[in-house]
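Enquirer: In my numbering, the protein residues as written are 77 to 310.
A virtual CB, placed ideally from N, CA and C, is assigned to each residue, including glycine.
Being a predicted model, the structure only gives us computed values, none of them experimental.
Shown below is the structure under consideration.
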Amino acid sequence: MTLLDLQRVAKTYGTGPAALTVLHDVDLGIEAGDYLAVVGPSGSGKSTLLNVMGALDRPTTGRVLLAGDDVTTMSDAALSRVRAVHLGFVFQQFFLLDGRSALENVADGLLYQGVRRPERLRRAREALDRVGLGARSGHTPAELSGGESQRVAVARALVHAPGILLADEPTGNLDQASGAAVLDLFDRLHDEGATIVVVTHDEHIAGRLPRVVSMRDGRVEHDTCPVLTGAVQP
Ligand SMILES: Nc1ncnc2c1ncn2[C@@H]1O[C@H](COP(=O)(O)OP(=O)(O)OP(=O)(O)O)[C@@H](O)[C@H]1O
Ligand SMILES: [Mg+2]
């Protein structure tokens, strides 16, 4: 089964003459283990698409199936649960809490799972080890470099073992070396079986990923490895 299946997804902001359609009937399938870049000019709809994939935003029309379940018809509470269990997010801004250690920031990724504090901390330590920051777990964001902060954010996104990691310009605030370290981390996670979607402006990043989806004016212009989805099957 396709892990994430976008069927005829459209997104329109506003109504009447001011209405702006920023996604037009997008069909896109993502299989378990996929590792893909979403590229395209500024304003082409990349972040909107990622937000719809991650159930952060609802499409105006169309369906989004996550492991076969239609998330477009779920209540807000159910959507929050789906996000907390199945999805991990990484953004250009790291969104770490100041004044809290890396360990606590990562452990917070389990707050909505009903996991008790000792177990949260144990898993957070494990996730920080995975991103190579075990030795920095007591440091606060102010005591970490940008690249280290983003790796903490990746650990927080991974701590609940999500089915899909969604990243929007994850290297956008990083220098080249720190960005490369984050991408090396994604490569390793993908080798270990993770499913990862990376929105990026950067041709070099896109070029090293096994699949590239190019957006233009709210449409998928090209997909190097299209997946046959429910939308296009007979
Ligand atoms: N809340 C909103 N209300 C109205 N229009 C919006 C809203 N959010 C996004 N848009 C518009 O939707 C279009 C697509 O935006 P989106 O953020 O998805 O583009 P993007 O490809 O991620 O661009 P960038 O590379 O600059 O991040 C843009 O024209 C944007 O102005
Ligand atoms: Mg964007």
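1. Could you work out which residue in Thr-305, Gln-168, Gly-175 is closest to Leu-250 when comparing CA atoms only?
2. Could you have a look at Ala-113 and say whether DSSP puts it in helix, strand or coil?
3. Please identify the residue among Ala-95, Leu-155, Leu-82, Thr-91 whose C-alpha is closest to the C-alpha of Leu-104.
4. With respect to the alpha helix (DSSP H) encompassing Leu-259, which residues constitute its N-terminal and C-terminal limits?
5. Need the endpoints of the alpha helix (DSSP H) that Leu-242 sits in, please.
6. Enumerate in chain order the residues of its own chain whose CB-to-CB distance from Leu-163 is below 6 angstroms, with the five nearest sequence positions on each side excluded.
7. Over what stretch of residues does the alpha helix (DSSP H) that includes Gly-283 continue unbroken?
8. Can you look up Glu-224 in the DSSP assignment and give me helix, strand or coil?
9. Any idea if Ser-123 is buried or exposed, counting beta-carbon neighbours within 10 angstroms, 16 or more meaning buried?
10. Going by C-alpha distance, which of Gly-269, Val-230, Val-274, Ala-270 is nearest Asn-127?
11. Could you tell me whether the Cβ atoms of Ala-113 and Leu-259 are closer together than 8 angstroms?
12. Would you list the residues sitting across from Arg-292 in a DSSP beta bridge?
13. Out of His-277, Leu-234, His-215, Ile-281, which has the shortest C-alpha to C-alpha gap to Gly-269?
14. Under the DSSP definition of a beta bridge, which residues are partnered with Phe-165?
15. With three or more C-beta pairs closer than 8 angstroms as the rule, is the segment 293 to 302 touching the segment 94 to 101?
Expert: Concretely, from the data shown:
1. If you number the sequence shown from 1, residue 250 lands on position 174. Ranking Thr-305, Gln-168, Gly-175 by Cα distance to Leu-250 puts Gln-168 first.
2. Counting from 1 along the sequence shown, the entry for residue 113 is found at position 37. Correct three-state label for Ala-113: strand.
3. In the sequence shown, residue 104 corresponds to position 28, counting from 1. Here the closest residue by C-alpha is Leu-82.
4. Position 183 of the sequence shown, counted from the first residue, corresponds to residue 259. 252 to 267 is the extent of the alpha helix (DSSP H) around Leu-259.
5. On the sequence shown, position 166 is the one that residue 242 refers to. Where Leu-242 is concerned, there is no enclosing alpha helix (DSSP H), although the beta strand (DSSP E) it sits in stretches over 240 to 244.
6. Working through the sequence shown from its first residue, we reach residue 163 at position 87. These residues qualify, in order along the chain: Gly-130, Pro-238, Ile-240.
7. Here the question's residue 283 lines up with position 207 in the sequence shown. Start and end: 279 to 284.
8. To locate residue 224, count along the sequence shown from 1; it is residue 148. Note: Glu-224 maps to helix in three-state DSSP.
9. The residue given as residue 123 occupies position 47 in the sequence shown. Burial call: buried.
10. Position 51 of the sequence shown, counted from the start, is the residue given in the question as residue 127. If we check each option's Cα against that of Asn-127, Val-274 comes out closest.
11. Within the sequence shown, the letter at position 37 stands for residue 113. Within the sequence shown, the letter at position 183 stands for residue 259. No, the Cβ-Cβ distance between Ala-113 and Leu-259 is not below 8 angstroms.
12. Locating residue 292 in the sequence shown gives position 216, where the first residue counts as 1. Paired residue(s): Arg-295.
13. Along the sequence shown, one-based indexing puts residue 269 at 193. Measuring from the Cα of Gly-269, the nearest candidate turns out to be Leu-234.
14. Position 89 of the sequence shown, counted from the start, is the residue given in the question as residue 165. Paired residue(s): Leu-242.
15. yes
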